[in-house]
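My numbering applies: residue 18 is where the sequence shown begins, and numbers increase by one.
Note that the Cβ used here is the ideal one computed from N, Cα and C, for glycine as well.
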Amino acid sequence: MKQTIVLGNIITMDEKRPFARAALVKDGVFAYIGSAEEAKKLAGADAKVLDYGENFIYPGFLESHCHGHLAGLRFIGQADLMQAGLTDYAKYREIIKEFIAKNPKREFYVAAGWIENDEYVTKAYLDEICPDKPLLLQTGGGHSMLLNTKALEWAGIDAAYAKKYGYDQVHVDENGEPDGYICEGPVFEIVPKLPTTIEDIKEYLLAWQDFALRSGFTAVCDAGAEIVHRDAPRAYHELEVEGKLKLRTYAYMYVLDNIENPKAEIARIAAQRATISGEYFHIVGAKAFLDGVTEAHTGWQNQDYADEPGYHGVERFNDHDKMVELITEADKEGMSVHVHSEGGGATHFMLGCIEDAEKITGNKDQRNVLAHLHFVTEEDIHRMAETGSVPAVPPLWTAKIPGHYEIEVSYVGEELAANAYPIKSFYDAGANVVFHSDYPVSPMMNVKYSIYTAEKRSYPKEVLGGIDLPNNEKEAITREQSLRAMTINVARQWRQEHRMGSIEFGKLANMTVFDCDFLHDDIEKVAQANIVATIVDGEEVYKA
Ligand SMILES: [Zn+2]
């Protein structure tokens, strides 16, 4: 039997014993939590010791909504234009050329993180950088693309295609030929066709795993594991069979808008669970998009956009009966439904569906997840708790950023903007609140900054140089609540609370060590915290 004694200041997140000095791990599971003397007495002579001195040991941190495959793809599979900061076409050229030089064998190049500005570029710009192979430029949000001549040929985008889609989605030059710029429909048609092998995806997932463990996360949720590539779940599974996974992933499978046959879709996901789901890659439900995002004018609001009367945003999955069926069928399989729900209208719709499904299933604890929750009414905050639904909230998005905030006010009005991203109200209503980062769609997945922003409702100075201001400060929460939202509450979202989320007898020995007391240290010290180690199944998988 493998035995390890872990020493340090242990914050257990177990109400019965909030603090301890030592833990004894046997075969990857906590066998004892308490004093160092007792742990040493109980352990065999051959027990290994991990001594973290005066550092602070937390249950391994958990992330409720991010996108692993996409993150790995951005790390190593694409040229990363985000490095350029703001739009800079000369700098973009350098980054892409460097990526091509490093990856000469690729048949295909994608550069992601392009930020469009009023400088209009066409295929000629990309042809100069890469004349002989397809090259695609993709925006961070993924709704627009620029293609070089080779890429247009590969994708079959010609004058006839442009005519079919309309010139607002496929831009053309004076001769009616595509100039390289496409958006929306054609983009979503092309992305799944980008040539990727299962071996590529496995490499991306390992790069992602490395990042997540280094960041202190021991288990994460892939919110739509098939969105970028249908084969991603199979890649996770192969890595698990090969014994290469350490990071546990709880996945929700991607469901199309107003899916034709919800019952068949849940059967498909259940079959996937039966064949490729295991200990480290585990399927827990379905993921759907209800709307877009407010900053793109596509969040589904409860009211019309202030600058566009008669329009309240994009309703993506808006078929009530189909959603009720999806939830009901998921419940039969012991699964739940996870939705992208940004605007107040989307959340109101979803809660109505959950209530109607509960009348059928009788299950008031299905733990369906609503993620993002930019604007929510008081009434819906209470319905979230009453229906046993999980609000996945983004503390890292709560700050008021000059420029962005004014645009938001022009879309939804001052009152809603000033009351954005409630968190405390969800706790007060009794809901199981979880934090999410939406990494890498959003640029940070970070324990210390999540705690900081949840308390201050603004970033520490080093993030944006101090230009942001706190917003909706009455929704600030306590440190203890923040820790719960990244540990035990996320475990509950996945129905894994008996196995993870706190340092307790019989649970998996997953831990994260920081040089900071997140419960008591000054908040500015929290912002400077350093990660010391990440431990999975009693083994150190990362050491700073
Ligand atoms: Zn997401």
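Check: Cβ-based neighbour list, Glu136, same chain, cut-off 8 Å, excluding 5 preceding and 5 following; Outcome: Thr104, Tyr106
Check: Arg333 vs Asp239 beta-carbon contact at 7 Å; Outcome: no
Check: Opening and closing residue of the alpha helix (DSSP H) in which Cys370 lies; Outcome: 361-378
Check: Contact test: Val458 Cβ vs ligand 1 heavy atom, cutoff 6 Å; Outcome: yes
Check: For Lys65, the three-state DSSP class (helix, strand or coil); Outcome: strand
Check: Residue burial classification, Val258 (beta-carbon count within 10 angstroms, cutoff 16); Outcome: exposed
Check: Reduced DSSP secondary structure (H/G/I, E/B, other) of Met30; Outcome: coil
Check: Through-space distance from Tyr178 to Lys150, alpha-carbon basis; Outcome: 21 Å
Check: DSSP state of Thr166 mapped onto helix, strand, coil; Outcome: helix
Check: Proximity test, Ala240 beta-carbon vs ligand 1 heavy atom, cut-off 6 Å; Outcome: yes
Check: Spatial distance of Lys108 from His160 (CA atoms); Outcome: 22 Å
Check: Outcome for Asn165 when other beta-carbon atoms lying within 10 angstroms are tallied against a minimum of 16; Outcome: buried
Check: Own chain, CB closer than 6 Å to Leu262, minus 5 neighbours either side, in chain order; Outcome: Leu256, Tyr297
Check: Per-residue burial, Gly70 [other beta carbons within 10 Å of its own, 16 or more giving buried]; Outcome: exposed
Check: Cα-Cα separation, Glu346 to Ala56; Outcome: 47 Å
Check: Per-residue DSSP class, three states only, for Gly70; Outcome: strand
Check: Buried or exposed (CB count within 10 angstroms, at least 16 for buried), Asn527; Outcome: buried
Check: Met99, DSSP secondary structure in three states; Outcome: helix
Check: Residue span of the beta strand (DSSP E) that contains Ala416, given as start and end; Outcome: Element bounds for Ala416: n/a, residue is neither H nor E.
Check: Strand pairing of Lys304, partner residues [DSSP]; Outcome: Tyr271, His355
Check: Close Cβ partners of Met18 (< 8 Å) along its chain, the five nearest in sequence each way excluded; Outcome: Lys43, Asp44, Gly61
Check: From Glu432, Leu222, Thr529, Asp217, residue whose alpha carbon lies closest to that of Glu124; Outcome: Asp217
Check: beta-carbon Tyr455 near ligand 1 non-hydrogen atom, thresh 6 Å; Outcome: Per the sequence shown, the amino acid found at residue 455 is Asp instead of Tyr. Yes - ligand 1 has a heavy atom lying nearer than 6 Å to the Cβ of Asp455.
Check: Three-state secondary structure (DSSP) of Gly157; Outcome: coil
Check: Sequence-distant residues of the same chain with beta carbon closer than 8 Å to His314, five excluded per side; Outcome: Tyr322, Glu325, Gly330, Tyr428
Check: Residues of its chain near Arg110, where Cβ-Cβ distance is below 6 Å and the 5 sequence neighbours each way are ignored; Outcome: Ile146
Check: The alpha helix (DSSP H) enclosing Thr292, as first and last residue numbers; Outcome: 279-293
Check: Classification of Phe205 by the beta-carbon crowding that lies within 10 angstroms, buried from 16 upward; Outcome: exposed
Check: Supposed close pair Ile293, Met270 - CB separation, criterion 8 Å; Outcome: In fact, because the Cβ distance is near 11 Å, the residues do not count as touching under 8 Å.
Check: Alpha-carbon spacing of Gly309 relative to Thr156, whole angstroms; Outcome: 16 Å
Check: Contact check, Thr529 vs Gly77, beta carbons under 7 Å; Outcome: yes
Check: Same chain, Cβ closer than 6 Å to Arg400, five either side skipped, listed in chain order; Outcome: Leu368
Check: Euclidean distance between Cα positions of Ser459 and Gly102; Outcome: 14 Å
Check: Residue from Gly89, Ala546, Asp68 whose Cα sits closest to the Cα of Asp532; Outcome: Ala546
Check: Which listed residue (Val558, Pro148, Asn380, Asp538) has its alpha carbon closest to that of Asn72; Outcome: Asp538
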